[in-house]
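K.L.:
Questions regarding the structure given below will be posed in turn.
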Amino acid sequence: MHEGDEISTIEGLGDVEHLDPMQAAFVEHDGFQCGYCTPGQICSAKAVLEEIRAGLPSHVTKDLTSPVEITDAEIRERMSGNIYRCGAYANILKAITQVAEARP
Numbered sequence: 076m077h078e079g080d081e082i083s084t085i086e087g088l089g090d091v092e093h094l095d096p097m098q099a100a101f102v103e104h105d106g107f108q109c110g111y112c113t114p115g116q117i118c119s120a121k122a123v124l125e126e127i128r129a130g131l132p133s134h135v136t137k138d139l140t141s142p143v144e145i146t147d148a149e150i151r152e153r154m155s156g157n158i159y160r161c162g163a164y165a166n167i168l169k170a171i172t173q174v175a176e177a178r179p
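With the sequence shown counted from 1, adding 75 to any position gets you this note's numbering.
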């Protein structure tokens with residue numbers, strides 16, 4: 076299905092000395108506890124921003140004739156498939172929002 080496609084994993088985003096902005100934001104906002112789901116959360120968060128910037132609507136997109144706005148509702152909807160038990164949802168939202176606001 077994805078033969079020949081480039082697939083990025085957490086290992087491809089950055090390293091200890093050169094964190095990807097999303098990795099750094101998760102650390103800054105304490106967007107994790109045990110770390111088990113963190114790689115998937117970070118990769119999904121990056122994909123969420125790519126989808127929004129590409130203009131792909133979600134179930135909560137209000138205006139399909141305008142560019143998709145990066146809102147809390149959009150981020151929550153697009154991250155809703157990532158389930159975890161740690162309760163860091165609010166901090167993850169802050170991390171994603173920070174990265175979204177930093178990039179044009």
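For every residue, glycine included, the Cβ atom is placed at its ideal position computed from N, Cα and C.
Since the model is a prediction, treat every value here as computed from it, not as a measurement.
Between LEU131 and the rest of its own chain, which residues show a CB-CB distance below 8 Å, the 5 nearest in sequence each way excluded?
P.N.:
Taking the first residue of the sequence shown as position 1, residue 131 is located at position 56. The residues are VAL143.
K.L.:
Taking 9 Å as the threshold (C-beta atoms), are ALA170 and LEU124 in contact?
P.N.:
Translated into the one-based positions of the sequence shown, residue 124 becomes position 49. Translated into the one-based positions of the sequence shown, residue 170 becomes position 95. Contact: no.
K.L.:
Please go through the same chain and pick out, in chain order, the residues whose beta-carbon is closer than 6 Å to the beta-carbon of GLY106, but skip the five residues on each side of it.
P.N.:
Taking the sequence shown and counting its residues from 1, one reaches residue 106 at position 31. Once the five neighbours on either side are set aside, the close Cβ partners of GLY106 are ALA163, ASN166, ILE167 and ALA170.
K.L.:
Evaluate the contact criterion for the stretch 135–152 versus the stretch 95–114: three or more CB pairs, one atom per stretch, below 8 Å.
P.N.:
no
K.L.:
Short check: CB of GLU157 to CB of CYS112, under 9 Å?
P.N.:
The residue given as residue 157 occupies position 82 in the sequence shown. The residue given as residue 112 occupies position 37 in the sequence shown. Glu is not the amino acid found at residue 157; the sequence shown has Asn there. Yes, these two residues count as a Cβ contact at 9 Å.
K.L.:
By DSSP, does GLU152 sit in helix, in strand, or in coil?
P.N.:
By 1-based counting over the sequence shown, the position of residue 152 is 77. Three-state DSSP puts GLU152 in a helix.
K.L.:
Name the residue from HIS93, GLU126, THR146 and LEU88 whose alpha carbon lies nearest to the alpha carbon of GLN173.
P.N.:
Here residue 173 refers to the residue found at position 98 of the sequence shown. Nearest in C-alpha terms to GLN173, of all of HIS93, GLU126, THR146 and LEU88, is THR146.
K.L.:
Mind checking which residues open and close the alpha helix (DSSP H) that includes ASN166?
P.N.:
Counted from its first residue, the sequence shown places residue 166 at position 91. Note, ASN166: alpha helix (DSSP H), 164–177.
K.L.:
Would you mind giving the Cβ-Cβ distance between ILE117 and LEU88, rounded to the nearest angstrom? I have them listed as a contact below 8 Å.
P.N.:
Within the sequence shown, numbered from 1, the residue matching residue 117 stands at position 42. Within the sequence shown, numbered from 1, the residue matching residue 88 stands at position 13. With a Cβ gap of about 7 Å, ILE117 and LEU88 count as contacting.
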